[in-house]
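For the sequence shown, the residue numbers in mature numbering (1 follows the signal peptide of the UniProt record, and there is no 0) are -24 to -1, 1 to 659. Everything below concerns the one structure shown next.
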Amino acid sequence: MRLPDLRRTWLFTLLALQGGSLMAQTATAIKQVDNSKVNSYYVSNKAPLRQQYFVKLPVTAIKPGGWLLKQLELQRDGLTGNLGEISIWLSKKDNAWLSKDGKGKYGWEELPYWLKGYGDMAYVLKDPKMLKETKFWIDAVLENQRDNGDFGPDVAKGAGKRDLWTNMPMLWCLQSYYDYSNDKRVLDVMTKYFKWQLSIPDDKFLEDYWEKSRGGDNMLSVYWLYNRTGDQFLLDLATKLDKNTSDWRQKGNLPNWHNVNIAQCFREPATYYLQSNNPADLQATYDVFKLVRDVYGQVPGGMFGADENARKGYDDPRQAVETCGLVEQMTSDQYLLQFTGDTFWADNCEDVAFNTFPAAFTSDYKALRYLTAPNMVVSDSKNHAPGIDNTGPFLAMNPFSSRCCQHNHSAGWVYYNENSWMATPDNGVAALLYAPGEVTAKVGTGGLTKIITTTQYPFNDVIDMKVITFDKNAFPVYLRVPAWCSAPVVKVNGKVIKVAAKGGEYIKLDNTWKNGDKISLQLPMKIAVRQWAKNKNSASVNYGPLTYSLKIDERYEKKDSKQTAIGDSQWQENADPVKWPSWEIYPASAWNYGLLLNSQKPEQSFTVVKGTWPADNNPFTNKSAPIMLKANGKQIPGWQIDQYGLCGVLPQSPVKTEQPQTSLTLVPMGGARLRIASFPVVQ
């Protein structure tokens, strides 16, 4: 061997010993992940379906940590984990989900709504009690399939038209169970069921309101099965589903304006795009998202105002959205991220998850409310119609109430966890939704590698990762740069890696990784003020991904859950309202303030105040908020609670008021159960 060769060998050895490699000295900023390859280890789309940009990992591949683990533990110990002792729909007596003929007094969407989150939490948390309960319901579904292939509650809507909606979320429960168990019965049951669906005449297929709106959920399950079996009839069924599902491709209009349907169903055209390959299908999904937010979504928090149905003239930030709508929007964002690779969807998912979803619950997750709004100064059990599009007690925190949200809320955080990391077509992994925890995946040449993430994001801008692997393994790691971040800083083993990445891109790190390698990503946070010209020139303020709300002192009043429940709520005979009380929340301090803003540089109107991390690891409360903002404002005496008992409609900004200037404290709106997040601007 010649001397230069010896020197080169020595150099490579030294680099390896020092914890680096030549490949780790560079990084690439990319707008889109290359999806021309197919991941070698995880189920991807089979031809002729379009290859996705990100591939979902098995349900147990990602273990939550830190604040995210705390949210799941609170749900386990709270309403999600104990709903079986409250909800009549989870009763094991006279339950249609437990009978082969599908007959029973109790059985529709509630059981699978709850189980899709509860079961996934059982798999992730490895909780023995939850695993046993999940297995009970899954076995009942798998063992009670009828001879013709149908299963579940036999709900008919006249003239022999079978309502298939209730089975759609149960299919998702079966898919997660298969992920966890590899139980072949799931594939057999789904295959037989889908063959039966294909045999239903079009004039009797997806005719009811809910199933017709939500056929895209059925299609996702059809593609899931196709990617595992390759049965060609499934593609015909997907086309049949698209044909008979409500038209979410209309220009400037929607088939209905129900808030959950919009958040859940707008993804249907983009789902079928995987098969049609028609760009117009993909564009239709983007168009619906834009349409509803242009008209009803001129508010912070990632959602829109449709406190049942979006209505003309009701677009103020006091208009709310269902907790179901929050869960479904986050789920849609996660799927669309897979389909498109567009960071836009991850940004929206974080917006909803951090700024709106936690506020729909009491901080212990033992009660929830049906509706949550960006501007909400009363959370009681009174009837606020027609100010909101519901007649009844839809604003109280009630564990016995709001059948759909009472069950469907369980999937919010666990789905966020499951989609925080995904595999890539080039056998790498991508960090997409930042949270503490760890991912274990096959990468590169097939080695099993773990990446442990330590972070307090979104309350801190540093995300630290540590690679655990037994063998050196070459594979790419993709890091998403949120749209709000203009200057990310990435380090590998303490050394800054130069990369000219900006918001809305990915940082691709190619490296031969070895055990103990460290990645650090800093996403410097800045104050940003958003002006909502279409909503009275109001303003909202962000610090990084967090939107801020006026700190309002919250006064809680305990109520009887049975007496304050929504009319169609039902509960088990032994359900204890003393153990599971309802809560009304009232303001104990003034809320009717507008912000004083620097007209040239509004971001300079705020001061960031950082506190300590909460000892209980739950940052989503006013008392434990790790970051607050200080601002100046003035009270607006004419802005009051209105005749419907709601926060009054925003006054037009700028607002003239003779009140004195006062100092205001702002807290993250995700921890504020009462909040003003869309502010008037005062002079």
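We put the CB at the ideal spot given by N, CA and C, even for glycine.
The residue among F435, M441, K534, D291 with its C-alpha nearest the C-alpha of N491 is M441.
Within the model, the alpha-carbon separation for I238 versus A282 is close to 10 Å. The three-state reading of DSSP puts F451 in strand, counting E and B together. For D536, there is no enclosing beta strand (DSSP E), since its DSSP letter is neither H nor E. Looking from the CA of V643, the closest CA among E549, E560, Y524 belongs to Y524. Exposed is the label assigned to N253, since fewer than 16 other Cβ atoms lie within 10 Å of its Cβ. With fewer than 16 other Cβ atoms from the protein chains shown falling within 10 Å of its own Cβ, N124 counts as exposed. Every beta strand (DSSP E) of 3 residues or more that sits fully in the stretch 387 to 443 is shown, in chain order, as 397 to 399, 405 to 407, 413 to 419, 423 to 431. Beta-carbon to beta-carbon, L250 and N220 are separated by about 18 Å, too far to satisfy the 8 Å threshold. Closest in C-alpha terms to D356, from the list V443, G480, D536, L230, comes D536. By the criterion of a C-beta distance shorter than 6 Å, L150 is surrounded in its chain by V162, once the five residues flanking it on both sides are discounted.
As the crow flies, the alpha-carbon of P40 is around 27 Å from that of I62.
Taking the Cβ atoms as the reference, M144 lies roughly 4 Å from D193, within the contact range of under 8 Å. With a threshold of 16 other beta carbon atoms within 10 Å, T332 meets it and is buried. Going by C-alpha positions, F330 is about 41 Å away from K171.
Here the C-alpha atom of T36 lies approximately 12 Å from the C-alpha atom of W397. When the Cα atoms are used, K494 and F451 turn out to be separated by approximately 15 Å. For N513, the CB contacts under 6 Å within the same chain, skipping 5 residues up- and downstream, are S629 in chain order. Boundaries of the alpha helix (DSSP H) harbouring T56: 55 to 58, taken from the DSSP string. Taking C-beta separations shorter than 6 Å and ignoring five residues to either side along the sequence, the partners of F280 in its chain run V268, R269, Y272, G273, following chain order.
Within the same chain, and ignoring the five residues on either side of A607 in sequence, the residues whose Cβ sits closer than 7 Å to its Cβ are L571, S581, F582, L640, L642. Collapsing the DSSP output to three states places G277 in coil.
Distance from the CA of K502 to the CA of L605, rounded to the nearest whole angstrom, comes to 12 Å. Secondary structure of N21 (DSSP, three-state): coil. Residue burial is scored here from C-beta neighbours: P434 has at least 16 other C-beta atoms within 10 angstroms and is therefore classed as buried.
Per DSSP, reduced to three states, the secondary structure at T367 is coil, with no helix or strand assignment.
Ranking S197, R225, N229, Q226 by CA distance to the CA of A214 puts S197 first. Between the stretch 338 to 351 and the stretch 365 to 384 there are three or more C-beta pairs closer than 8 Å, enough to call the two in contact. V658 is positioned such that its CB atom lies no closer than 7 Å to that of K599. DSSP places P255 within a helical segment (H, G or I) once states are collapsed to three.
Put simply, the backbone Cα of T400 is about 34 Å away from that of G647. Closest by C-alpha distance to Y202, out of A256, L312, A23, W65, is A23. Given a length threshold of 4 residues, the stretch 491 to 567 has no whole run of the alpha helix (DSSP H) inside it. Ranked by Cα distance from H385, the first of Y262, P88, P578, A509 is P88.
Taking a cut-off of 8 Å for Cβ pairs, the stretch 227 to 246 and the stretch 302 to 312 touch, as three or more such pairs fall below it.
Per the C-alpha coordinates, the member of G128, L174, N403, N71 positioned closest to Q208 is L174.
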